[in-house]
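Enquirer:
Residue numbers (the numbering used here): -12 to 363.
(1) Between residue 360 and residue 33, what straight-line distance do the alpha-carbon atoms span, to the nearest angstrom?
(2) Would you say residue 56 and residue 230 are within 9 Å of each other, going by their C-beta atoms?
(3) For the beta strand (DSSP E) containing residue 64, name the first residue and the last one.
(4) Residue 129 and residue 97: beta carbons closer than 9 Å?
(5) Would residue 204 and residue 65 be called neighbours here (beta carbons separated by less than 9 Å)?
(6) In whole angstroms, give me the CA-to-CA distance for residue 309 and residue 289.
(7) Would you identify the three-state DSSP class for residue 359, choosing helix, strand or coil?
(8) So, with DSSP's three-state summary, where would you put residue 174?
(9) Can you have a look at residue 278 and say buried or exposed, based on whether 16 or more other CB atoms are within 10 angstroms of its CB?
(10) According to DSSP, simplified to helix, strand and coil, what is residue 129?
(11) When we look at the beta-carbon of residue 170 and count the other beta-carbons within 10 Å, is it buried (16 or more) or exposed?
(12) How about residue 163 and residue 209: are their beta carbons less than 9 Å apart?
(13) Could you check what DSSP says for residue 257 in three-state terms: helix, strand or coil?
(14) Three or more C-beta pairs closer than 8 Å, one from the segment 293 to 308 and one from the segment 326 to 340: is that the case here?
(15) So, under 8 Å CB-CB, residue 146 and residue 126 are touching, yes? Tell me the CB distance rounded to an integer number of Å.
(16) For residue 214, count the other beta carbons within 10 Å of its own beta carbon; 16 or more makes it buried, fewer makes it exposed. Which is it?
(17) Taking three-plus beta-carbon pairs below 8 Å as touching, is the segment 308 to 323 in contact with the segment 80 to 100?
(18) Where does residue 160 land, buried or exposed, given buried means 16+ other C-beta within 10 angstroms?
(19) Closest to residue 342 by CA distance: which of 47, 220, 271 is it?
(20) Applying the 10 Å Cβ sphere with the 16-neighbour rule, what's the burial state of residue 194?
(21) Taking C-beta to C-beta, are residue 45 and residue 344 nearer than 9 Å?
(22) Leaving out the 5 sequence neighbours to the left and right, which residues in its chain are closer than 7 Å to residue 307 when beta-carbon positions are compared?
(23) Once the 5 residues before and after residue 179 are set aside, which same chain residues still bring their CB inside 7 Å of it?
(24) Using a Cβ distance threshold of 8 Å, determine whether the segment 232 to 250 contacts the segment 259 to 275, with at least three qualifying pairs required.
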């Protein structure tokens, strides 16, 4: 840089000016031109307008894979009652659909023959005990005579054998009496638990044989669904997992349940494993045989950030998303995690809640492009 003095007139004071070297002046001029060109190019880029359907706001979610299931409802607790005596039904106070409580009378059989059998066996046992007392008395007398030499050893052994034989017969009679008493007790059939009569194939005054089916009682407070889960998904199923079910006849209501049992083997001829689901039915509105469909949630993850697959882009540097920031698209690298193919979602890290990313498959978009989002 040099300094020069310039005279403008004879009477004027001299004016001093600074002069930059030529090379510096050229460099500055080139910089001004380049800056102006960049600003012109930036201003020349068209602004891309994005609709709300083209973007996704980053928010944490609870996500789970879903397995769709179907099956019929059955009561978990049911009991089929069979006749334990051969007799005639003299009282049958319940019908199909009746609600019963534990201890309620369901069937009463004719007891006359049963009571007679018990009386005969008790009398026979009493007679046998009388014979035993006599035999024991004979044994004592024979033993005493034998000690004085007035009775042979054979007589003593015979007396002992007679006593032992009568004792054995009495034990047999006692067993017969117990059987008769049990038969008499079984002449009345009572409910073992609270439930509903599901079937009753017998009628009053009907004579039935031993082991004849009398009726079925079910407990509707807890229901069960037997569903098949594909073997490819069964590793993700565990005891206690929740399930939401829709029951035929209740279109506006969802029933909650959980996995209670898992079969150890797949169903023959299929690629499915039986999974048993329990549903509470305290109000009793669900009935056995109703068809159900539902969703079993597996691999549940809480408070994670997941984006649609279409939001993920890839280049030589790796996976990234286009983030809307200050009206411009910015390249934001992300790391991918669990993928939920049934929902077309993938877990990502590297983003903050509240950020906005492009989720529509728009290949023309690129980083540093100005954008305007509808409604923002």
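By construction, the Cβ of each residue, glycine as well, lies at the ideal position given by its N, Cα and C atoms.
Expert: Result, derived from the coordinates:
(1) Stepping through the chain shown from its first residue, residue 360 is reached at position 373. Stepping through the chain shown from its first residue, residue 33 is reached at position 46. Cα to Cα, the separation comes out at about 14 Å.
(2) One-based indexing of the chain shown puts residue 56 at position 69. One-based indexing of the chain shown puts residue 230 at position 243. Yes, these two residues count as a Cβ contact at 9 Å.
(3) Within the chain shown, residue 64 is the residue found at index 77, counting from 1. First-last of the beta strand (DSSP E) with residue 64: 47 to 69.
(4) Residue numbering aside, residue 129 sits at position 142 when the chain shown is read from its first letter. Residue numbering aside, residue 97 sits at position 110 when the chain shown is read from its first letter. Not a contact, by the Cβ cut-off of 9 Å.
(5) Here residue 204 is taken as the residue at index 217 of the chain shown, counted from 1. Here residue 65 is taken as the residue at index 78 of the chain shown, counted from 1. Note that the C-beta distance between residue 204 and residue 65 is below 9 Å.
(6) The sequence position of residue 309 within the chain shown is 322, counting from 1. The sequence position of residue 289 within the chain shown is 302, counting from 1. The straight-line gap from Cα to Cα measures roughly 25 Å.
(7) For this step, residue 359 is matched to residue 372 along the chain shown. Correct three-state label for residue 359: strand.
(8) Taking the first residue of the chain shown as position 1, residue 174 is located at position 187. DSSP places residue 174 outside both helix and strand once states are collapsed to three, so it counts as coil.
(9) Start at 1 with the first residue of the chain shown, and residue 278 comes out as number 291. Looking at its Cβ environment, which holds fewer than 16 other Cβ atoms inside 10 Å, residue 278 is exposed.
(10) Within the chain shown, residue 129 is the residue found at index 142, counting from 1. The answer is helix: DSSP assigns residue 129 an H, G or I state.
(11) The residue given as residue 170 occupies position 183 in the chain shown. That one is buried.
(12) Taking the chain shown and counting its residues from 1, one reaches residue 163 at position 176. Taking the chain shown and counting its residues from 1, one reaches residue 209 at position 222. Not closer than 9 Å, so no.
(13) The sequence position of residue 257 within the chain shown is 270, counting from 1. It is coil, neither helix nor strand.
(14) yes
(15) Mapped onto the chain shown, residue 146 falls at position 159. Mapped onto the chain shown, residue 126 falls at position 139. Correct: roughly 4 Å between the Cβ atoms.
(16) Along the chain shown, read from residue 1 onward, the residue named residue 214 stands at position 227. With a 10 Å radius around the Cβ and a threshold of 16 neighbouring Cβ atoms, residue 214 comes out buried.
(17) no
(18) The residue you call residue 160 lines up with position 173 of the chain shown. Flag for residue 160 reads buried.
(19) Walking along the chain shown from the start, residue 342 turns up at place 355. Considering only alpha carbons, the answer is 47.
(20) Translated into positions along the chain shown, residue 194 becomes position 207. Residue 194 comes out exposed.
(21) Residue 45 sits at position 58 when you count from the first residue of the chain shown. Residue 344 sits at position 357 when you count from the first residue of the chain shown. Going by C-beta atoms, residue 45 is nearer than 9 Å to residue 344.
(22) Indexing the chain shown from 1 puts residue 307 at position 320. Here the set comprises 300, 318, 319, 320, 321.
(23) Here residue 179 is taken as the residue at index 192 of the chain shown, counted from 1. Once the five neighbours on either side are set aside, the close Cβ partners of residue 179 are 66, 89.
(24) Touching, yes, given that three or more Cβ pairs across the two stretches are closer than 8 Å.
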